[in-house]
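In the working numbering, each residue carries its 1-based index in the sequence shown increased by 10.
Don't be surprised by glycine CBs; every beta carbon is placed ideally from N, CA and C.
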Amino acid sequence: SDQFIRAQQWLGDRVLEDCKPFMPHKVGNLQQRSHTENNGRRVVFPGPSARFLYMGKVMVDPDTGSPWARRGARKVVTNRPLTYSSPGATSRWFDVAKARNGEYWIAGAKRIAGGK
11 SDQFIRAQQW
21 LGDRVLEDCK
31 PFMPHKVGNL
41 QQRSHTENNG
51 RRVVFPGPSA
61 RFLYMGKVMV
71 DPDTGSPWAR
81 RGARKVVTNR
91 PLTYSSPGAT
101 SRWFDVAKAR
111 NGEYWIAGAK
121 RIAGGK
């Protein structure tokens with residue numbers, strides 16, 4: 011029904027907006043390119059850098075050990091944590107946003123869907 015679609019889109023939009031304060035700002039335009047799809051059912055953080063930024067580990071060229079990979083090299087994950095220059099940025103930003111806002115997300119989606 012329309013109210014369930016509206017509730018799902020509201021939830022997707024809230025998740026996206028509530029994640030942004032915890033996402034790194036300096037790498038490309040990850041925040042601007044992030045979006046929802048499928049009526050809010052999927053929140054997308056696109057781009058090749060989003061995965062390693064989310065996981066919070068430095069990735070390097072396996073042969074040189076450098077974060078600057080050679081053309082065609084496939085980077086590997088290290089155990090070294092990333093350092094974010096953006097204030098408030100952290101790895102696993104969804105988990106942080108969910109811990110802070112999860113109850114609000116559930117209550118809002120229920121309210122819009124008619125479940126009080």
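Using beta-carbon positions only, say whether residue i and residue j come within less than 8 Å of one another.
i, j, result
"L92", "V68", "yes"
Under a Cβ-count criterion, where at least 16 other Cβ atoms within 10 Å of its own Cβ denotes burial, should residue i be classed as buried or exposed?
i, result
"F64", "With the sequence shown as reference, residue 64 is identified as Tyr, and Phe is not the correct amino acid for it. By the 10 Å Cβ count, Y64 comes out buried."
"R24", "buried"
"A117", "exposed"
"D28", "buried"
Rounded to whole angstroms, what is the Cα-Cα separation between residue i and residue j?
i, j, result
"W103", "S59", "14 Å"
"D105", "M33", "11 Å"
"L21", "D73", "43 Å"
"R16", "K108", "20 Å"
"P31", "A123", "27 Å"
"K85", "R61", "12 Å"
"N49", "S95", "33 Å"
How is residue i classed by DSSP in three states: helix, strand or coil?
i, result
"N48", "coil"
"R61", "helix"
"N39", "coil"
"P31", "helix"
"K85", "coil"
"R121", "helix"
"D80", "It is Arg, not Asp, that sits at residue 80 in the sequence shown. It is coil, neither helix nor strand."
"R90", "strand"
Flag residue i as yes if its beta-carbon sits less than 8 Å from any beta-carbon of chain B, otherwise no.
i, result
"Q18", "The question asks about chain B, but that chain is absent: this structure has only one protein chain."
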